[in-house]
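Residue numbers (the numbering used here): -10 to 445.
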Amino acid sequence: METQNNNLQQNKFGHWLKTSITARMLMVGFLVIILLVPLSYINSLINDRAFRQKDVVNEINKKWGNDVLVYGPILKLPYKTYSETKTFNEKTKTYFKETQTHIKYAYIFPEHLNAIVNVNSKTLKRGNFESAVFTTTMDFTGNYIPVDLTAKGIKQEDIVWNDASIIIKTSNLKGIKSEVQIKLEDKAYSFETNFNQNTNSRLDVLESALIKNEDIFQTKNTPFSFSMTFNGSRQIELIPIGKTTTMHMNSNWADPSFMGNYLPNDETKSITKDGFKADWKILHINRAFSQQHLKSIPKLSQFAFGTKFMVMVDEYQKSERSAKYGFLVIGLTFLVFFLIQTLSKIHIHPFQYLMIGLALTMFYTLLVSISEHSNFLKAYVIAGTSVIVLITLYSKSILKTFKFPLFIGQSLTGLYAFIYVIIQLENYALLVGSIGLFLILAIVMFVSRKIDWHNG
């Protein structure tokens, strides 16, 4: 008798699992939570591939040449300062004064600094990854006005004019591809590296030979010109140390990203599929530093401006954004099957729900792997089509009719198209996403009104 009661209870429980709406909802919710595990692994995979891409790009750039930043030319002027010490003489019982001379340095920025930058860009590939690299020739001209340091408390006669030199600070010494000489009036001066292991700056120092002409900076305007040729990558920047600084940049790169504190002139800027042209003009009133500095060269990297030359590879970012909607895709797809099962009285086994969920997660692995060999749109279409066809055919074997599988295929197509639109949008992603979810909720509420929720 007891055995018959147990069998009866088991049959009732099995019947409840098959027919109860509550049981189905609990089962579907549990499976959605279970499928968050493979989704988390997919997110980790996307992040790993993105980090791998950065490592490869950095390796390419390191071998070719890193980013280019030019800070100069800066006039380095030594000047004398004096200190007195008192020494007591035991024999005479008197003090005598001793004057010591110290050499310090003033750093003078030019009155005008003009740069013409020609950039020949290309992409280098390694495996599935590529980086933007370039060869640039930077031609600089400008002038210094006669130096007067009396406002700094330095007398003209205390300046050691014959020991003046020119300093250029720059990144990417490895990428320099020609000798660097500066022409002052009619004479050229070569540069040598001035290594200082105690500095923590990313900029290296080039210093010219001593300029043995005390009249050149003291009594008249001094024009200068020099050129630098770099192999580089990622970006080109210039620090606007001229009282008036101009830069004209011309390149064959079609996707520039202008960066720094100063943007190019909109009226003269031109960007086409064949390249871009851009002009900058920065006045001393536009920046918060002076033309004369004592003791040391200030760190002014935050005032740099220029252009990024980046390969617009955002497949991993788009894949990551797409994977964030994985929970929504699985949840809504299961909801469609749940409504079909409830309204049509067709039984769907939990294992079949699980297979459908795993097929949905496979979309993201297909998307990432295909996008590494193609563009994101093509990868999205191939991955989406494959998953939709797979689930539609699988649904035919479950639901036995063509009507419901076709509806499921159309629903998935609409859902993937909706998510693709959201991924492409930046400013309106939240608005479009909210409206879309509202419409989906309204449709679900309309369809589910026929369900007898009390039969549960």
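Even glycine gets a Cβ: it sits at the ideal position worked out from N, Cα and C.
Since this is a predicted model, take the numbers as computed values, not measurements.
Check, Outcome
"Phenylalanine 294 - partner residues in DSSP beta bridges", "Leu227, Gly249"
"Reference lysine 125, options Asp137, Asn109, Asn132, closest by Cα", "At residue 125 the sequence reads threonine, which differs from the lysine that was named. The residue with the shortest Cα to Cα distance from threonine 125 is Asn109."
"Delimiting residues of the alpha helix (DSSP H) encompassing valine 378", "365 to 388"
"Rounded straight-line distance, which links the Cα of isoleucine 225 to that of aspartate 56", "6 Å"
"Residue span of the alpha helix (DSSP H) that contains glycine 398, given as start and end", "392 to 413"
"DSSP-derived helix/strand/coil call for tryptophan 242", "coil"
"Beta carbon of glutamine 280 nearer than 9 Å to that of isoleucine 230", "yes"
"CB of leucine 66 within 9 Å of CB of isoleucine 148, strictly", "yes"
"Anticipated Cβ contact below 8 Å, glycine 54 with glycine 295, distance rounded", "Going by Cβ atoms, the distance from glycine 54 to glycine 295 rounds to 15 Å, so no, they are not a contact pair."
"Spatial distance of lysine 158 from tyrosine 60 (CA atoms)", "5 Å"
"Whole-angstrom distance between isoleucine 35 and proline 62, CA atom to CA atom", "45 Å"
"Assigned secondary structure, serine 179 (DSSP; H/G/I helix, E/B strand, else coil)", "strand"
"Inter-residue CB distance, serine 360 and alanine 368 (contact presumed, cutoff 8 Å)", "4 Å"
"Backbone CA spacing between phenylalanine 2 and histidine 338 [nearest angstrom]", "With a pLDDT of only 48 at phenylalanine 2, under the threshold of 50, the placement of this residue in the model should not be trusted; the figure read from the coordinates follows. Approximately 16 Å between the Cα atoms of the pair."
"Option in Gln89, Ala406, His101 with minimal Cα separation from lysine 232", "His101"
"Beta-bridge pairing of methionine 217 - partner residues as DSSP gives them", "Met127"
"DSSP beta-bridge partners of alanine 104", "Phe129, Met236"
"Bridge partners - phenylalanine 265, DSSP secondary structure assignment", "Ser240, Ile260"
"Run of the beta strand (DSSP E) containing threonine 139, from where it starts to where it stops", "No beta strand (DSSP E) contains threonine 139, which DSSP labels as neither H nor E."
"Any 3 or more C-beta pairs closer than 8 Å across the stretch 266 to 280 and the stretch 239 to 254", "yes"
"Touching by the beta-carbon criterion (3+ pairs, under 8 Å), the stretch 199 to 218 and the stretch 241 to 257", "no"
"Euclidean distance between Cα positions of isoleucine 92 and lysine 69", "5 Å"
"Buried versus exposed, by CB contacts within 10 Å (16 or more), isoleucine 274", "exposed"
"CB-CB length for leucine 366 against serine 311, believed under 8 Å", "The Cβ separation is near 12 Å, so there is no contact."
"Cα-Cα separation between glutamate 73 and threonine 88, rounded to whole angstroms", "5 Å"
"Cβ shell of leucine 112 (< 8 Å), same chain only, five flanking positions each side left out", "Note on residue identity: the sequence assigns threonine, not leucine, to residue 112. Answer for threonine 112: Glu119, Ser120, Ala121, Val122, Val300, listed in chain order."
"Heavy atom of the ligand SAH within 8 Å of tyrosine 314 beta-carbon", "This structure lacks the ligand SAH; in fact it carries no ligand of any kind."
"Residue interval of the alpha helix (DSSP H) (run including valine 357)", "339 to 360"
"Pair within 9 Å by beta-carbon distance, asparagine 183 and isoleucine 156", "yes"
"Boundaries (first-last residue) of the alpha helix (DSSP H) holding leucine 283", "From DSSP, leucine 283 is part of no alpha helix (DSSP H) but of the beta strand (DSSP E) over 281 to 283."
"Top-ranked residue by Cα proximity to isoleucine 387, from Thr402, Phe407, Ile411, Ile329", "Ile329"
"Coil, strand or helix - alanine 121 by DSSP", "strand"
"Inter-residue Cα distance where the pair is isoleucine 429 and glutamine 399", "14 Å"
"Closest Cα partner of leucine 272 within the set Thr257, Pro99, Ile165", "Pro99"
"Helix, strand or coil at tyrosine 314 according to DSSP, with G and I counted as helix", "coil"
"Straight-line Cα distance separating isoleucine 22 from leucine 401", "20 Å"
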